[in-house]
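Under the numbering used here, the first residue of the sequence shown carries the number 122, and numbering increases by one thereafter.
Below is one structure, written out as structure tokens; comments come after it.
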Amino acid sequence: MRFHFDEEQRLFQQSAREFFEGECSAESIRELWESETGHSPELWSKLAELGLLGVLVPEDRGGLGLDETGLVLLLEEAGRAALPLPFAETAAVAAPLLRDLLAPAHDSAAQASADERARETGGAGALGT
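In structure tokens:
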């Protein structure tokens, strides 16, 4: 069995590569590693603005709405650039987890139920109630 990326996936990967090449030169990465914080709020903001942190989050919620193949292509390019930010943890774990935890809030019936529970408990949340 042979697997090939389709044209859209290849274009996405190429766009990601070009972004990381432009933003993550060897010199800029070295500067980040040697900095006091090792973090670039500007670069993080650019990742967020492009929706890359939410690659697995639906478009109507601010993400790219791609599948795990898109995530892998994006992570490959971030690794190629030696991106020194918690990108993989955010894009692959945190954003999908929040997507799944917050999905019921987008359903009006679930939202009404959550609002009622909040009123009943005075806003104190409790798991399993």
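Every residue gets a Cβ at the ideal spot worked out from N, C-alpha and C, and that includes glycine.
- In this structure Gly191 does not touch Gly172 by the C-beta definition: roughly 11 angstroms separates them, more than the 8 angstroms allowed.
- If you draw a 10 Å sphere on the C-beta of Ala202, you find 16 or more other C-beta atoms in it, and that means buried.
- Within the same chain, and ignoring the five residues on either side of Leu206 in sequence, the residues whose Cβ sits closer than 8 angstroms to its Cβ are His160, Ser161, Leu164, Trp165, Leu168.
- Excluding residues up to 5 positions away in sequence, Gly184, Leu185, Leu187, Gly191, Leu192, Leu195, Ala212 lie with their Cβ nearer than 7 angstroms to the Cβ of Val176 in the same chain.
- The Cβ neighbour count for Leu222, taken over all protein chains shown within 10 Å, is under 16; the residue is labelled exposed.
- Glu198 is a Cβ neighbour of Ala137, given a cutoff of 9 angstroms.
- The beta carbons of Gln134 and Phe126 sit closer together than 9 angstroms.
- Residue state for Glu157 is assigned as coil, using DSSP reduced to three classes.
- The continuous alpha helix (DSSP H) containing Phe140 extends over residues 128-144.
- The beta-carbon distance between Leu174 and Ala216, rounded to whole angstroms, is 6 angstroms. This is short enough to meet the 8 angstroms contact definition.
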